[in-house]
Ligand SMILES: Cc1cc2nc3c(=O)[nH]c(=O)nc-3n(C[C@H](O)[C@H](O)[C@H](O)COP(=O)(O)O)c2cc1C
């Protein structure tokens, strides 16, 4: 008997068993202005050179920005930054909401925006881009990084978690 092809919900259920952190990927959308997108497809790729990857949906507003800028930032969220993850997982950008959520950006010397107050930051230059199904995989070489004290926000089975729950 031929094996049954897994459905997308089978796929989501299986992949949901894999716990991840939560990041916000940022790129410049206009001079001095930032677009951010919540992403948990962030993965380490190589130590020599330092490479990471992210997968960006073809319908995401972020996609053409990274393709144009060839640079992006990854901010790894803290356990108390769930509201930021929710904000950057929707498509509307609103400076009033950003002010209320206390969202501030800083910029690297090479023009990569990062979220202030995240647990860790990586500023990346795109070295490879590969369309794969309904996403594009970007491999980024890490130009700079920093890490701070604290605990990460986690994502498992479609829900936010922290190390204590
Ligand atoms: C926890 C979490 C992780 C996500 N990871 C990704 C991801 O890795 N890649 C992606 O394209 N969208 C991901 N999304 C969905 C995007 O954040 C969402 O579709 C967003 O609105 C797209 O951003 P845009 O404003 O650039 O269109 C994730 C959403 C959540 C809540």
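Residue numbers (the numbering used here): 1 to 165. Heads up, the beta-carbon is just placed ideally off N, CA and C, and yes, glycines get one too.
TODO: Identify whether residue 15 lies in helix, strand or coil by the three-state DSSP scheme.
DONE: Along the chain shown, one-based indexing puts residue 15 at 15. Here residue 15 sits in helix by DSSP.
Task: Residue range of the alpha helix (DSSP H) that includes residue 88 - done: Translated into positions along the chain shown, residue 88 becomes position 88. Looking at the DSSP string, the run of the alpha helix (DSSP H) that includes residue 88 is 82 to 88.
- [ ] Could you tell me whether the segment 136 to 154 touches the segment 40 to 50, where touching means 3 or more Cβ pairs closer than 8 Å?
- [x] yes
Open item on the list: If you reduce the DSSP assignment to three classes, tell me which class residue 112 lands in.
Closed with: Residue 112 sits at position 112 when you count from the first residue of the chain shown. Here residue 112 sits in coil by DSSP.
- [ ] Could you pull the start and end residues of the beta strand (DSSP E) that residue 61 belongs to?
- [x] Working through the chain shown from its first residue, we reach residue 61 at position 61. Counting along the chain, residue 61 falls outside any beta strand (DSSP E), and DSSP gives it neither H nor E.
Open item on the list: Short of 7 Å in beta carbon distance, which residues of its chain neighbour residue 18, apart from the five on each side in sequence? Order them along the chain.
Closed with: What you label residue 18 is simply residue 18 of the chain shown in a count that begins at 1. Cβ within range, chain order: n/a, list empty.
Open item on the list: Within a Cβ cutoff of 8 Å, which residues of the same chain sit near residue 10, ignoring the five residues on either side of it in sequence?
Closed with: Numbered from its first residue, the chain shown carries residue 10 at position 10. Within the same chain, residue 10 has no close Cβ partners at all.
Open item on the list: Rounded to whole angstroms, what is the Cα-Cα separation between residue 89 and residue 155?
Closed with: In the chain shown, the residue the question calls residue 89 occupies position 89. In the chain shown, the residue the question calls residue 155 occupies position 155. In a straight line, the C-alpha of residue 89 is about 13 Å away from that of residue 155.
- [ ] Note down, in chain order, each residue of its chain lying with its Cβ closer than 8 Å to the Cβ of residue 150, except the 5 sequence neighbours on either side.
- [x] Along the chain shown, read from residue 1 onward, the residue named residue 150 stands at position 150. So the list reads 78, 79 and 119, once near-sequence residues are dropped.
Open item on the list: Please list the terminal residues of the continuous alpha helix (DSSP H) segment that includes residue 98.
Closed with: Stepping through the chain shown from its first residue, residue 98 is reached at position 98. 95 to 100 is the extent of the alpha helix (DSSP H) around residue 98.
Open item on the list: Given this structure, state the Cα-to-Cα distance separating residue 107 from residue 164, to the nearest angstrom.
Closed with: If you number the chain shown from 1, residue 107 lands on position 107. If you number the chain shown from 1, residue 164 lands on position 164. Their Cα atoms are separated by approximately 33 Å.
Open item on the list: Could you compute how far the alpha carbon of residue 2 sits from the alpha carbon of residue 8?
Closed with: Counting from one through the chain shown, the residue named residue 2 turns up at place 2. Counting from one through the chain shown, the residue named residue 8 turns up at place 8. So the two alpha carbons sit approximately 18 Å from each other.
TODO: Could you tell me whether the Cβ atoms of residue 16 and residue 133 are closer together than 8 Å?
DONE: Mapped onto the chain shown, residue 16 falls at position 16. Mapped onto the chain shown, residue 133 falls at position 133. No.
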